[in-house]
Amino acid sequence: MAPKIEKLNIGPLSLGEGPHWDVKTQSLYFVDFFERNINKYAPSTKKHTKAQIDNKSSIIIPVEGSEDQFVISSGRELVLISWDGKSDKVTMLKKLYEVDEGTENIFNDGKCDPTGRLWTGTMGPSGEDIEDIPEGRGSFYSFANGKITKHLSGIGISNGIAIDTNRNKFYYNDSYKGTLDEFDFDITKGTITNRKPLYTLFEKYSGNLELLDGMTIDTDGNLWAAVFNQSRVIKVDPRKPGAIADVIEFPTKQVTSVTFGGPNLVELYVTTGSVPLKGATPAPGDGDIYRVTEINAKGEGPHWDSKTQSLYFVDLIERNINKYVPSTKQHTKAQIDNNVSIIIPVKGSDDQFVISYGRELALISWDGKSDRVTILKKLAEVDEGTVNVFNDGKCDPTGRLWTGTMGSAVKDENIPEGKGSFYSLTNGKISKHLTGIGISNGIAIDTKTNKFYYNDSYKGSIDEFDFDITKGTITNRRPLYTLFEKYDGNLEVLDGMTIDTNGNLWAAVFNQSRVIKVDPRKPQTIADFVEIPTKQITSVTFGGPNLDELFVTTGRLPIKGVTPSAPGDGAVYRVTGINAKGLPGERIVL
């Protein structure tokens, strides 16, 4: 049965990012990067709420044990905020971390591992577009217990993060690098080692903005990565490096990230953008969020919160975090005052999240009902002296966050190559795992096989790493699926990613209208794909009561001067009937 793609009519978002499914509230949290707001969407009620923040944010993650606190990124800081998820009021509680001092870098994607450690990275500055993000200025960090650990430097655009605690693997992509990379992961130590390319989208970035973006992982260890500017999410099986196992096509090009959500984590939520790249006008459907079901996968969906049965995600361009509760179809969002690409609930909290905030990771408080967000504290700041921003991020089962950066905020297609890094955040400590990242994007983790999947959108591949969840390390990076050998600037890139219970990866392919399914056991092949009726597919995650629905976020970024304006551009889609399930999303442990 072909995957079912549903546009959630939440957008259009300028750049939807950081979809986080919160199991507790059964809601999707996300951000609008350029509009600087955080969002909450409840599929059950179709209610969407958002709140404005005062910086670009790419991350929003609920805090464990809190109903209204979140960690968000705010520029190059991570801050703790308070937001009820219902109103438009956000309270900044405190700055948790600040990275990359002396730069204009910003955080991009970020996620938590099962310990609650936050992994996220930065990228160089982008101003109000994504076409001029400098290369190599970002870093990749982890944050745990107040400590920042830098794992990678020289990141272009830190993006997709995924963690497989079964195989002790960590997956990550620097969008400019063009590969989805795999590391060995020691979850106890919070280290990623032995980086190796798992899937290669391209060998050298050409500037076409076809990049690997946000990423997630399903319970079978498969990575799902958004390919920005290629209208798709690709699925990569780490056991079959270099091949695409499946593809889901979306009706929008700027696919930014992906996460599993829904009651059973079998829905894939995909964020997209509507950035006017190269002066192009976004089409209808650009910048919306999509939900993909019937994909035969179940995701670990670090952005689907099983506790609340909600999907959390961000609008990268609009700079807001979002929560969507499918059961009520209630969508709420809140504005953030910086680039935000990640929103992850904090373990033990009902209202605290970690979000990316430029090149910072921040703890925020948000009730998921209002538009009020409180920045509680900065958790980490990376890529000092740069204008990098964090991109995609996810948590492994320990609650460790994995996220990376890119060379500038996303606004158009000119993000510089190689300036980002890939990081993990463990107990307040940030660790850098990778450097030279173009656009850090899709992340997925398979704890069964101890593999970690990641893609740097500019690298063109979904990469597989050996993952030591105890040590928090990713090693032995190798390409699993290659979208392209050399980036040609067409913006058809791997984006957000997730994984199902069978270990299959589901990845958004930006600008290709699809989400691809990649079986790690069959490298370099696409096992399946889901077409979405918009080009800018940004990310994907499993969600729903049974984790068998695929939520897909999309965008409407202006490309080549044209801003997508077609119906469905920038929407969030829910795909059902995909015959796949995910695991509950991991909350960040602080």
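Just so you know, we're using the UniProt record's numbering here: the sequence shown kicks off at 1 and counts up by one. Glycine included, C-beta positions come from ideal geometry on N, C-alpha and C.
Close Cβ partners of T470 (< 7 Å) along its chain, the five nearest in sequence each way excluded: D186, I187, T188 and K189
I need the DSSP call for G85, collapsed to helix, strand or coil. strand
Considering just the uninterrupted stretch of the beta strand (DSSP E) at A508, what are its terminal residues? L505 to V509
Is the number of C-beta pairs between the region 423 to 436 and the region 201 to 219 that are closer than 8 Å three or more? no
Can you say whether G261 is buried or exposed, counting buried as having 16 or more other CB atoms within 10 angstroms of its CB? buried
Beta-bridge partners of Q69, as assigned by DSSP: Q69 is bridged to S365.
Can you list the beta strand (DSSP E) stretches of 3 or more residues lying completely in the region 212 to 250, in chain order? For the region 212 to 250, the continuous beta strand (DSSP E) assignments of 3+ residues that do not extend past its boundaries occur at 223 to 228, 232 to 236 and 246 to 249, in sequence order.
Roughly how many angstroms lie between the CA atoms of Y41 and Y269, to the nearest whole one? One C-alpha to the other measures close to 11 Å.
Using a 10 Å radius around the Cβ and a threshold of 16 neighbouring Cβ atoms, would you call G436 buried or exposed? buried
Among all the DSSP beta bridges, which residues are the ones paired with N322? BP columns for N322 point to K333.
P3 versus L13 - alpha carbon distance: Those two C-alpha atoms are separated by around 24 Å.
Quick check: the region 162 to 169 against the region 140 to 149, are there 3 or more CB pairs under 8 Å? no
By DSSP's criteria, T541 is part of a beta bridge. Which residues make up the other side? F551
Q309 bridges to which residues according to DSSP? V23
Classify G438: buried if its beta carbon has 16 or more other beta carbons within 10 angstroms, exposed otherwise. buried
Taking the C-alpha atoms as reference points, what is the distance between L78 and I443? 19 Å
Could you tell me which residues DSSP puts in a beta bridge with L425? I430
Just mark G121 as buried or exposed, buried being the case when its beta carbon has 16 or more other beta carbons within 10 Å. buried
Out of N504, I72, S431 and G489, which one is the CA nearest neighbour of Y453? Of the candidates N504, I72, S431 and G489, the residue whose Cα lies closest to the Cα of Y453 is N504.
Hey, could you find the ends of the beta strand (DSSP E) R195 is sitting in? That run of the beta strand (DSSP E) goes T191 to L201.
Where the beta strand (DSSP E) through N39 begins and ends: N37 to A42
Counting pairs of Cβ atoms below 8 Å between the region 536 to 552 and the region 497 to 514, do you hit three or more? The answer is yes - the region 497 to 514 touches the region 536 to 552, with three or more Cβ pairs under 8 Å.
Could you tell me the boundaries of the beta strand (DSSP E) in which E531 lies? That run of the beta strand (DSSP E) goes D528 to E531.
Just list the residues that DSSP pairs H151 with in beta bridges. K432
Which class does R372 belong to by DSSP, given the choice of helix, strand or coil? Strand at R372.
Residues that N264 bridges to, as DSSP identifies them: P545
Contact check, V575 vs E267 under 8 Å by CB: the rounded distance? 7 Å
Assuming Y205 is part of the beta strand (DSSP E), what are its boundary residues? From DSSP, Y205 is part of no beta strand (DSSP E); its letter is neither H nor E.
In the DSSP assignment, what residue or residues form a beta bridge with Q52? N37
What's the gap between the Cα of G16 and the Cα of S274? Distance between the alpha carbons of G16 and S274 is about 8 Å.
Just the C-alpha distance for Y199 and I244, rounded to the nearest angstrom, thanks. If you draw a straight line from the Cα of Y199 to the Cα of I244, it comes to about 8 Å.
CA-CA distance, G420 and D132? 13 Å
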